[in-house]
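S.K.: Per the working numbering, the very first residue in the sequence shown carries number 1; after that it's consecutive. C-beta atoms are modelled at their ideal positions from N, C-alpha and C, and glycine is treated no differently. A quick note: this is a predicted structure, and the numbers were derived from the prediction, not measured. Here's a structure for you.
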Amino acid sequence: MKTPFLIFGLLLNLLILSNASATSVLPLSLEQLSTRADLIVHAEVISNEVKRDAQSGQIATYTEFRIIDAIKGNTGETHTIKQIGGRHEASKITMRVHGVPTFQTGSTYVVFLPKKSSLGFSSPLGLHQGSFSVLTIDNEQIVTNGRNLLRPTLTSAKTSKSAVQVPLAVKADNPRQSRLDDFMNTVRAYNAQ
């Protein structure tokens, strides 16, 4: 009598565990994002397309950006990134990877991108950490990614002993937000060192 309950319990645990997943990344400072990125752009999303990637066979989201300002690296008037995951309408399959940011058509971002992988994938550095939404609040452009922009990371002190910390002006009442111009100037300063 106990055996069927034990088997049922084990199967239930396997079912629950098979759906659990996590993505872990180390916290990155603005300095690390700025200096490690191959391409940094202030851009508006003009399209998102989810399809099965020919190279990897995985579901991928292709996001096309209209470049407003290329802060670091070379790009044309538009730039497309390929990220794993998305909702594939034809097959009704959804693939989500925790931490991989989504970009909304018509919204504006500052994005820190590494070199593309051998399969052409290029999610922002540190996943969501390398994607900053640009919002207009009280007629002022503000950047945020939800993190405290004043808090230095533990890893930044270890990796850049000789680097100079460039101050970032944040909103006094909300250290998760900075004026776009101040943010861009800080990123440029990190890349000028």
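#1: Let me know if H98 comes out buried or exposed under the rule of 16 or more other beta-carbons within 10 Å of its beta-carbon.
#2: Name the DSSP bridge partner or partners of E44?
#3: Have a look at A70, T94 and S122 and flag the residue whose alpha-carbon is nearest the alpha-carbon of Q83.
#4: For T93, count neighbouring C-beta atoms within 10 Å of its own C-beta (all shown protein chains included) and say buried if the count is 16 or more, exposed if not.
#5: Please report how far the alpha carbon of Q58 lies from the alpha carbon of G85, in whole angstroms.
#6: On the CB-based measure, 16 or more other CB atoms within 10 Å of its CB, does I68 come out buried or exposed?
#7: Ignore the nearest five residues each way along the sequence and tell me which others in F103's own chain have a CB closer than 7 Å to its CB.
#8: Excluding the five sequence neighbours on either side, which residues of its own chain have a C-beta within less than 6 Å of the C-beta of V170, listed in chain order?
#9: Considering just the uninterrupted stretch of the beta strand (DSSP E) at F132, what are its terminal residues?
#10: Would you mind sorting L26 into buried or exposed? The rule is 16 or more other CB atoms within 10 Å of its CB.
#11: Please work out which residues of its chain come closer than 8 Å, Cβ to Cβ, to Q141, disregarding the five sequence neighbours upstream and downstream, and give them in chain order.
#12: Between the alpha carbons of R176 and T144, how many angstroms are there, rounded?
#13: Near H88, what residues of its chain come up, given a Cβ to Cβ distance below 8 Å and the 5 sequence neighbours on each side ignored?
#14: Have a look at D173 and T75 and give me their C-alpha separation to the nearest angstrom.
#15: Note down the Cα distance separating M184 from T105, rounded to an integer number of angstroms.
#16: Ignoring anything shorter than 3 residues or poking outside the stretch 79 to 123, list the beta strand (DSSP E) runs there in chain order.
#17: Smallest Cα separation from A43: which of F65, N139, A90 and S34?
#18: Rounded to whole angstroms, what is the Cα-Cα separation between H79 and G73?
M.R.: In short:
#1: A residue is called buried once 16 or more other Cβ atoms fall within 10 Å of its Cβ, and H98, having fewer, is exposed.
#2: Under DSSP, E44 forms a beta bridge with R66 and T108.
#3: Of the candidates A70, T94 and S122, S122 places its Cα closest to the Cα of Q83.
#4: Note that residue 93 corresponds to Ile in the displayed sequence, not to Thr. It is exposed - the Cβ of I93 has fewer than 16 other Cβ atoms within 10 Å.
#5: A direct Cα-to-Cα measurement between Q58 and G85 gives close to 8 Å.
#6: Label assigned to I68: exposed.
#7: Correct list, in chain order: V45, N48, T63 and Y109.
#8: Around V170: L149, L150 and S178.
#9: Residues S131 to I137.
#10: L26 is exposed by the Cβ-count criterion.
#11: Spatial neighbours of Q141 in its own chain (CB-CB distance under 8 Å, excluding positions within 5 residues in sequence) are listed in chain order as V134, L135, R179, L180 and D181.
#12: Distance between the alpha carbons of R176 and T144: 6 Å.
#13: Correct list, in chain order: V50, K51, R52, I59, T94 and M95.
#14: C-alpha separation (whole angstroms): 36 Å.
#15: Rounded to the nearest angstrom, the gap between the Cα atoms of M184 and T105 is 22 Å.
#16: Counting whole runs of 3 or more residues, the stretch 79 to 123 contains the beta strand (DSSP E) stretches 86 to 88, 93 to 95 and 108 to 113.
#17: A43 has its Cα closest to that of F65, out of F65, N139, A90 and S34.
#18: Their Cα atoms are separated by approximately 12 Å.
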